Amino acid sequence: MFAVLLLAYYHSDMATANSTPPPLQAASFKEAAKLAMMRRNLTVAALANRLGRQRNTVSIAINHETMCPGVKEEIKKELGFHI
Numbered sequence: 001m002f003a004v005l006l007l008a009y010y011h012s013d014m015a016t017a018n019s020t021p022p023p024l025q026a027a028s029f030k031e032a033a034k035l036a037m038m039r040r041n042l043t044v045a046a047l048a049n050r051l052g053r054q055r056n057t058v059s060i061a062i063n064h065e066t067m068c069p070g071v072k073e074e075i076k077k078e079l080g081f082h083i
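Residues in the sequence shown are numbered consecutively from 1, following UniProt numbering.
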């Protein structure tokens with residue numbers, strides 16, 4: 001689903017074949033985390049391993065708005081973004 005939205009975003013703003021798409025900006029923690037992971041070619045499992053956390057814990061922190069605020073802070077620090 002996320003990849004479809006990402007592709008739709010790129011195709012909706014393209015004025016010409018030679019124009020470069022605008023940089024992606026995340027509107028939520030979930031989007032920011034997923035974009036940062038994609039840019040670094042990281043899976044949730046790989047990120048969890050870096051953080052010393054269970055994959056499920058990291059997945060819940062990314063995908064659920066109010067869950068695991070401490071883990072969210074660790075993810076922000078590891079991936080280097082602020083939102």
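For each residue, glycine too, the CB sits at the ideal point set by N, CA and C.
Fair warning: this is a prediction, and the values are worked out from it, not measured in the lab.
{"Item": "In the DSSP assignment, find the alpha helix (DSSP H) that holds Asn-41 and state where it starts and stops.", "Value": "Counting along the chain, Asn-41 falls outside any alpha helix (DSSP H), and DSSP gives it neither H nor E."}
{"Item": "How would you call Met-67, buried or exposed, if buried means at least 16 neighbouring beta carbons within 10 angstroms?", "Value": "exposed"}
{"Item": "Return the Cβ separation of Ala-48 and Arg-55 in integer angstroms, given the expectation that the two are a contact with Cβ distance under 8 Å.", "Value": "4 Å"}
{"Item": "Applying the criterion that 16 or more other CB atoms from any shown protein chain within 10 Å of the CB defines a buried residue, is Lys-77 buried or exposed?", "Value": "exposed"}
{"Item": "If I follow the unbroken alpha helix (DSSP H) through Ser-59, where does it start and stop?", "Value": "55-63"}
{"Item": "Give the DSSP-derived three-state secondary structure of Phe-81 in the structure shown.", "Value": "coil"}
{"Item": "By Cβ distance below 6 Å, which residues in the same chain neighbour Val-44 in space, the five residues on each side in sequence not counted?", "Value": "Arg-55, Val-58 and Ser-59"}
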